[in-house]
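Let me begin by presenting the structure, written as structure tokens, before commenting on it.
Protein chains: 4
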Amino acid sequence: MQNTVISPDLIEQDNAARLDALEEDYAALSRALERRGIAIGQVKERAKDWSVAVPSWGAGRGGTRFAKFPLAGEPTNIHEKLEDCAVIHQLGRTTPGVSPHFPWDRVEDYSALREEAESYGLHFDAVNSNTFQDQQDQPQSYATGSLSSTLEPTRRQAIEHNVECIEIGRHLGSDRLTVWVGDGTNFPGQQDMGRSFDRYLDAAAEVYAALPADWTMMLEHKMFEPAFYSSVISDWGSSLMAAQELGEQCKCLVDLGHHAPNVNIEQIVARLHRAGKLGGFHFNDSKYGDDDLDSGSINPHQLFLVFNELAEAETAPRGGFDPAYMIDQSHNVTDPIESMLSSAETIAGCHARAWLVDREALHAAQESNDVMLAFRTLRQAYETDVGPILAMARMEQGGAIDWLGTYRASQHRERKAQERRAVGLGAGIV
Amino acid sequence: MQNTVISPDLIEQDNAARLDALEEDYAALSRALERRGIAIGQVKERAKDWSVAVPSWGAGRGGTRFAKFPLAGEPTNIHEKLEDCAVIHQLGRTTPGVSPHFPWDRVEDYSALREEAESYGLHFDAVNSNTFQDQQDQPQSYATGSLSSTLEPTRRQAIEHNVECIEIGRHLGSDRLTVWVGDGTNFPGQQDMGRSFDRYLDAAAEVYAALPADWTMMLEHKMFEPAFYSSVISDWGSSLMAAQELGEQCKCLVDLGHHAPNVNIEQIVARLHRAGKLGGFHFNDSKYGDDDLDSGSINPHQLFLVFNELAEAETAPRGGFDPAYMIDQSHNVTDPIESMLSSAETIAGCHARAWLVDREALHAAQESNDVMLAFRTLRQAYETDVGPILAMARMEQGGAIDWLGTYRASQHRERKAQERRAVGLGAGIV
Amino acid sequence: MQNTVISPDLIEQDNAARLDALEEDYAALSRALERRGIAIGQVKERAKDWSVAVPSWGAGRGGTRFAKFPLAGEPTNIHEKLEDCAVIHQLGRTTPGVSPHFPWDRVEDYSALREEAESYGLHFDAVNSNTFQDQQDQPQSYATGSLSSTLEPTRRQAIEHNVECIEIGRHLGSDRLTVWVGDGTNFPGQQDMGRSFDRYLDAAAEVYAALPADWTMMLEHKMFEPAFYSSVISDWGSSLMAAQELGEQCKCLVDLGHHAPNVNIEQIVARLHRAGKLGGFHFNDSKYGDDDLDSGSINPHQLFLVFNELAEAETAPRGGFDPAYMIDQSHNVTDPIESMLSSAETIAGCHARAWLVDREALHAAQESNDVMLAFRTLRQAYETDVGPILAMARMEQGGAIDWLGTYRASQHRERKAQERRAVGLGAGIV
Amino acid sequence: MQNTVISPDLIEQDNAARLDALEEDYAALSRALERRGIAIGQVKERAKDWSVAVPSWGAGRGGTRFAKFPLAGEPTNIHEKLEDCAVIHQLGRTTPGVSPHFPWDRVEDYSALREEAESYGLHFDAVNSNTFQDQQDQPQSYATGSLSSTLEPTRRQAIEHNVECIEIGRHLGSDRLTVWVGDGTNFPGQQDMGRSFDRYLDAAAEVYAALPADWTMMLEHKMFEPAFYSSVISDWGSSLMAAQELGEQCKCLVDLGHHAPNVNIEQIVARLHRAGKLGGFHFNDSKYGDDDLDSGSINPHQLFLVFNELAEAETAPRGGFDPAYMIDQSHNVTDPIESMLSSAETIAGCHARAWLVDREALHAAQESNDVMLAFRTLRQAYETDVGPILAMARMEQGGAIDWLGTYRASQHRERKAQERRAVGLGAGIV
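The listed protein sequences derive, respectively, from chains A, B, C and D.
Numbering of the first sequence is given in this note's numbering, commencing with residue 324 and proceeding in unit increments.
Numbering of the second sequence is given in this note's numbering, commencing with residue 324 and proceeding in unit increments.
Numbering of the third sequence is given in this note's numbering, commencing with residue 324 and proceeding in unit increments.
Numbering of the fourth sequence is given in this note's numbering, commencing with residue 324 and proceeding in unit increments.
What follows is the structure, given as structure tokens:
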């Protein structure tokens, strides 16, 4: 029997008060879509089948290098984080996976942790290693980098940490490792760009060698931060080169905030798919740099265009299509549960809209170079308010029609503020 | 008698070994400049008269939101920071001013602190307030902003802190207050942009009212971070509007890293000068965002172009010309003393080069639209290696010809690593 | 009796076939909005009252410096352009104003031109001067700039051209002059930034002096292109300084594509409104630079956020609120009529959405720092599909429910391809 | 006997007046470098051996989409362009190669053209095809793209044009083809990103198949313009994927202005070198977009960092090192001869500085993570004024010490303004 953090009665009661309105909106949308030749039920089923993982660390407040403002009741260990992830999935029904991070989520007994997650109806998704921070008891510092460090003992430590993450992941039921390193430089000349990349590849090859046959290793590139002049894996080109060299099971992960200004991210998605190297996503949004804002909060249209490429890719899988989806945000000013519910809905909405595109009409307009018709075909899908579909899908699976209202009515955070230990002041992401 | 941290004998001895080479280079440059109608001695005297302040916090290691890697022997209080600033000025002779930051540099007795600085031949420059972070014992949180917060008690606290900073500054002998706030939003809609600005201006007016008649209040704008969707004082236009509204003694401070990509910063300098609102500078460099890298390490030519505008402004002062110069960098991977020595030399070099420009020829080329000649006239000055001038100016004032060699020979940091308490792991800038 | 280019019968007939669906969608939206406390009829009336001007030059194909690909049947003079603008307004009902450009739209008899426009139900909006290009018979070249040129005869010519534009505008019934200059430099040192701005202001003051008492002069800033190192009026700060200096009737025009990457344009709108200097808009969209793409085609959410600020400004007019709205796009790959119909609908949709925002709830959430609620309140309005409101407003005013379908059915372009003279190959915007 | 456009007597006479000063500066630099363990003569010989090609089209005035301001005496055909390229090489001695462009440089007899070039001491470098513009007599339009067009006859025409360019190049003595296409879209949805790339690759493969065994095909990527939403070959990742798929003889060309803002171009150089795909360069500079400004005029330090990577690559050639160097600038406001002389000197200076780097010391500092020492080692080379080395190298090869003074004294342009036919007004690059 499943462990429910929010009372199912509360959800049911809240839904009941909103059901008439939802049914009216859903019926109206159904008729409008029908006129466009779309069966709303199929879209709803697709929405139900689709999911995106949440990161364990995202359950806590994030901050900047200047400050972090703690939230009363925020979780301080993986058990409390799982509890909050359970709330997110209970209300939203699109986030059954939790992506853990080590050593932040280190426990004694990983089998017990897996059972704990399963008791909430959750499972563990891609495992994230951390070689960008020093831990208290750590023999080598990552001050000179990790997999690309000039220091052999440091590289060794970073390799072993990644191998340990795979091992933990096997216990947790995961089959993916996400490798992001902060390695890079702050000064021209600080390191040689060629030899740094060589060292990175040699070390990453040792991690790759430890990968079980059914696992995927995902390389996450990032343009800058913490390194401010150059980063070893700074762009999708470097990521692709590395993934090609490491082998079949190595793929590229696209974080929406890790690109240069103005870059066409949806085209990168299309390119990586063609290269057979589209590993997965870290969803978030940004206006300036790697802002880690809530997905779609700044540029929802860009997010839709990414999903449009994904729908194209799924339609034309070439060598295969199986990307991993994960939220990766820093919740500096909101309740992380609310932000992840909002983001998951936004992402699911972009997914649903992409499947509302009249793809046959779109392709025909493209082939005949009817630019305006092609654009309007895509835009029609984007402008469709898919809220009723998502809400109906949630409700039918036991989630909340109005996740924000129901969550607040539950007073989950207020209760946790009483129970959980307070977080101190500080800065940064941990 | 002045307190010297580095043995003057060591400096003298090191200089002796390098003097012949310096004199040869200096003489050669002197002849080359003479051919261009420039008396090298005048440039050298100008270099001696010019200075740039260092920030007290810059004496410590900085970090990112991800991590900070401490340096053995880094200072952990204002006294140790002053000691390191003394080293910088002793070797480099261009940084007699130290810009303090409160509450980080809080002490019991500010008169004693002032004397302590003076014992090193240092003085205090612009005072910096901090309303972007919560302190342990603080009644109100800045989670909702500070001067622009919707909460009156929070605004009140921020106002009073700034007024206290002025008070402290008077004791320290300063006559400038730098106000930077992190106020802004992470979500569209989070705050109303008009009313936030109103609140900021009302609160800032109370700070301004507390300003002594001979003080300047400098507003520092910043495009983003810690706020990632909007910042109340995000650009020079907002800064100018605020400075105009607050009054004569309020001016704008230009931090080189706080602008949108591609922005022509030197033109902003020219515009602010014309508006009578050029208050001063925070020098650093950046490649991606507000990277706080060492001044001129990424784009030394841009720094030169800023100084070219300053030379034009000084030549045509219109309503007056008296900007404050300060370094503001985050030293994440170097010894801060080395970085500030390197940066101060780079900045002083750009200043010197700007005064090598044949301004009469430049103006004539501009007036006659001789584009190539105008460009080459400016470029000739930029390409001149002014190292010998700066080194001679340093040596003649008791500094080190080869500041890096002499500093390392002094083993200052190694000694401090024995004496000073270690800094723990963490993230961010404090 | 009004001159109709498209047969009203065709429109009526096309609408008839689509009316049932529209009424169903409109009724459903009406009920959904009613639940949110919004009377759909009021929004529809507001939509009817609102308009945006089209630029005469936008009726033709645009191009890049590399090439222009002509469109069969595109207009080659102001009479044909008016005819096409008439089509746009007949079908879309939101673009009664046409913004002319001189000397491109020069004719012998401006009273006759005004009557010609009125015969289509059109009027003339802001007049645009051109001092960025040389014309065949022009005594002075703008190679060295125009209002800021070092050459007095060139400045004189530019002043006189602007004064002539005002004169023409009076005959045409306009009351606004838009001044954009391409003045700037391609090399550091090419011109002095201070003196160029001085010359610009002196010359602009002469244009301003010729302004009738009820006219507005709008300064359009642009970050770069055609000048690639510096532009005299490059940003809103420079534009504000100039407008402040020139006088009350001088205001700033915001072109959505003329900003640095990542800039928060909606905040600039709020700032200019507060400064009493919000003159108007040039709507378009861009991904990379000043791409002049169709409004909202790349970032529709940003366009909505601009209109949200406009709704705030109209609600709190401070010193007044009367911005001019104009489309300014380069139609390089589409039929300009289709692009302007699409853009006008997109812009009108953002306007409508901004007035769907529950502003009371938004303000309450802002005051109480309920970040998620504030964000969701704004987002709810953005996600509403206002298509039925816009379509109903169009239809009730004689326009086309499905403007694209009806326009294509009219075969207007095909007919014009027979009648109008062909355009040759070339590049650029003329 | 060689055809000289500028009188050798004039050059000799001008040099004579400047020789004493040059020899003094050269001797001083020689001693300074000697102290750093560098033999100036070796650097000078390296400078003599190095060259960069000029583009034939660069000999004429360029413009923007808004306007082009013609220059009296500019060349209007390949013969006049060769004459001007001869002047550039005669005075500067670093630009013996001319890169032609078709159909702009089409002639009847290519053997005669080759002889004409050789009479000036010039040869033909990489051939550039043009499928981004329509020509008068061309059956298919490139309005829908070229190699990636949906239209088979258009792709066929583009393929055949490229094959013809190879054929012409063989007559001219070239062994490289540069392929840049403007193919892309202005609207989301306009084309499918995957299928466009497929079509591009299929068509490019046909061009590749026509390549002689000793030729290289270079793919030039460009982020945007003329396409403003997506470009088929927009970044180095796409370029690399295409070059990998096409074959060994296909490589990537790096144009310094074709990247997203803030991108670390020197790292791209290092990556492409490692991938064995570094084909060559188009040198220019930019501040905002693809501004095509004079090389090093905006960011000379970035240019130096590129050459530092090239020196590293030459030192560690891995699979080989043989990039092609070419200037690619748009001379909108200067005499193109002056701009290319200035640019060639700037580029040659960066090349020389890169070989002044104490690479052993640099590597040692990198290996020991001595960040400041590594940075200063690089910076020392950058700050060295290599002007005397370049001038001496020029003079010893018959060029002008002061190329600008001698060029102006020659009155070449004034004479050509009498002889050559005038260019009309217009816009763009042709």
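Quick reminder that beta carbons are idealized off the backbone N, C-alpha and C, glycines included.
| query | result |
| --- | --- |
| CA nearest to the CA of R731/B, picked from W726/D, L696/D, R744/D and E737/D | L696/D |
| Exposure of T638/A, with buried meaning 16 or more beta-carbon neighbours within 10 Å | exposed |
| Interface flag, R597/D vs chain A, CB-CB below 8 Å | yes |
| Alpha-carbon spacing of K545/C relative to E406/C, whole angstroms | 30 Å |
| Rounded straight-line distance, which links the Cα of S379/C to that of V753/C | No answer about V753/C holds up, because its pLDDT of 49 lies below 50 and its placement is not dependable. |
| Contact the region 500-520 of chain C vs the region 589-607 of chain B: 3+ CB pairs below 8 Å | yes |
| Under 8 Å between C-beta atoms of Q456/B and A745/A | no |
| Nearest residue (CA-CA) to H494/A, options Y531/A, G642/A and H446/A | H446/A |
| Counted within 10 angstroms of its Cβ, other Cβ atoms place D537/C as buried (16 or more) or exposed | exposed |
| Sufficient close CB pairs (3 or more, under 8 Å) joining the region 490-509 of chain C to the region 461-474 of chain C | yes |
| Cα-Cα separation, A656/B to S665/C | First, the residue type needs correcting, since residue 656/B is Val and not Ala in the sequence shown. Spanning the two alpha carbons is a distance of roughly 52 Å. |
| Helix, strand or coil at F547/B according to DSSP, with G and I counted as helix | coil |
| Straight-line Cα distance separating G602/A from A449/A | 11 Å |
| Those runs of the alpha helix (DSSP H) which lie wholly inside the region 346-388 of chain D and span at least 4 residues | 363-372 |
| Identity of the residue in R717/A, P640/A and D681/A nearest A671/A by Cα | R717/A |
| Per-residue burial, D525/D [other beta carbons within 10 Å of its own, 16 or more giving buried] | exposed |
| Burial state of A550/C, where buried means 16 or more other Cβ atoms lie within 10 Å | buried |
| Contact with chain A by L445/C, beta-carbon distance below 8 Å | no |
| Assumed close pair H605/D, E668/D - CB separation to whole angstroms, cut-off 8 Å | Actually they are not in contact, since the Cβ atoms of H605/D and E668/D sit about 18 Å apart, beyond 8 Å. |
| Contact with chain A by S553/D, beta-carbon distance below 8 Å | yes |
| Neighbour flag for V753/B against chain A, beta carbons, 8 Å | Reliability fails at V753/B, whose pLDDT of 49 lies under 50, so the model's placement of it is uncertain and the value that follows must be treated cautiously. V753/B counts as touching chain A. |
| 7 Å Cβ cut-off: residues of chain D touching D614/C | F551 |
| Cβ of A677/A within 8 Å of any chain C Cβ | no |
| Listed by chain order, chain B residues near S557/C by CB distance under 7 Å | N587 and Q590 |
| Runs of beta strand (DSSP E) wholly within the region 623-679 of chain B (minimum 3 residues, chain order) | 647-650 |
| Neighbourhood of A750/C by C-beta distance below 8 Å, restricted to the same chain and skipping five residues each side | G386, T387, R388, F389, A390 and K391 |
| Residues, ordered as in the chain, of the region 645-670 of chain D that lie near chain C by beta-carbon distance below 7 Å | N655 and V656 |
| L345/A at chain C interface by Cβ criterion, 8 Å | no |
| Near-chain B residues of the region 498-512 of chain C - C-beta to any C-beta below 7 Å | F510, P511 and G512 |
| Beta-carbon gap between T473/C and E441/B smaller than 8 Å | no |
| Meets three-Cβ-pair contact criterion under 8 Å: the region 339-357 of chain B and the region 342-359 of chain D | yes |
| Proximity test, Cβ basis, 8 Å: F425/A and chain D | no |
| Where D299/A falls, given that 16 or more other Cβ within 10 Å makes a residue buried | Past the edges of chain A, shown from 324 to 753, lies residue 299/A, and the structure says nothing about it. |
| C-beta neighbour in chain B for F698/C, strict 8 Å | yes |
| Close Cβ partners of R444/C (< 6 Å) along its chain, the five nearest in sequence each way excluded | Note on residue identity: the sequence assigns Gly, not Arg, to residue 444/C. Closer than 6 Å at the Cβ level, and outside the excluded window around G444/C, lie Q325. |
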